[in-house]
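Those letters in the sequence shown? Residues 1 to 146, by full-length UniProt numbering. We put the CB at the ideal spot given by N, CA and C, even for glycine.
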Amino acid sequence: MTAQAIAEAVRDAMLANDRASTGLGMEILAVGPGSATAAMTVREDMLNGFDICHGGLVTTLADTAFAFACNSYNELTVASGFNVDIVAPSRAGDRLTAVASEVSLAGRTGVYDITVRNQRDELIAVFRGRSYRIKGKPVVPGLAAG
1 MTAQAIAEAV
11 RDAMLANDRA
21 STGLGMEILA
31 VGPGSATAAM
41 TVREDMLNGF
51 DICHGGLVTT
61 LADTAFAFAC
71 NSYNELTVAS
81 GFNVDIVAPS
91 RAGDRLTAVA
101 SEVSLAGRTG
111 VYDITVRNQR
121 DELIAVFRGR
131 SYRIKGKPVV
141 PGLAAG
């Protein structure tokens, strides 16, 4: 099985059970070894008291892309921490896209950078996630690890 096929199988399995991401209307647009792209449209119920998208929801989108990227090798991987900077507001109707890319993967730890942009390609947030692999635990049992 190719690394790309493994990443896609893991995406399908994760998404089938991801109630948070699907409940927020998120889509996984692309996935590959160490990478993922997720998107969501900002809804009215995602706005805070200033009529802008709640920062926690922007962070959730970035965290979702991070999760799909770092689990793409079929080794159960969790976040050990992250930092996020929200640099611009997003509003109802904006289509936000989070692109995750692997910066470093060494042993059981990884570092991933995620950018969130709107439909006008304006930067909304930058997110850096740190991951930790759980030894011997595949995401999809019976599927080869990448």
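- Excluding its 5 nearest sequence neighbours in each direction, residue 83 has C-beta neighbours in its own chain below 6 Å: 128, listed in chain order.
- Contact check for residue 100 against residue 36 passes: the beta carbons are separated by less than 7 Å.
- Using a C-beta cut-off of 8 Å, the stretch 86-100 makes contact with the stretch 36-50, since at least three inter-stretch Cβ pairs fall below that distance.
- In the DSSP secondary-structure assignment, residue 104 is bridged to 111.
- Cα atoms of residue 72 and residue 92: separation of roughly 31 Å, rounded to the nearest angstrom.
- Its Cα nearest to that of residue 135, the residue 108 stands out among 119, 116, 142, 108.
- Residue 88 sits exposed, since fewer than 16 C-beta atoms from the chains shown fall within 10 Å of its C-beta.
- Between residue 31 and residue 74, the gap from beta carbon to beta carbon reaches 7 Å or more.
- Going by beta carbons, residue 131 and residue 60 fall outside the 7 Å limit.
- Looking at 142, 122, 116, 3, the one whose alpha-carbon comes closest to that of residue 56 is 116.
- Taken in chain order, the unbroken stretches of beta strand (DSSP E) that lie wholly in the stretch 20-55 and span 3 residues or more are 27-32, 35-41.
- Less than 7 Å divides the Cβ of residue 70 from the Cβ of residue 110.
- As the crow flies, the alpha-carbon of residue 105 is around 21 Å from that of residue 143.
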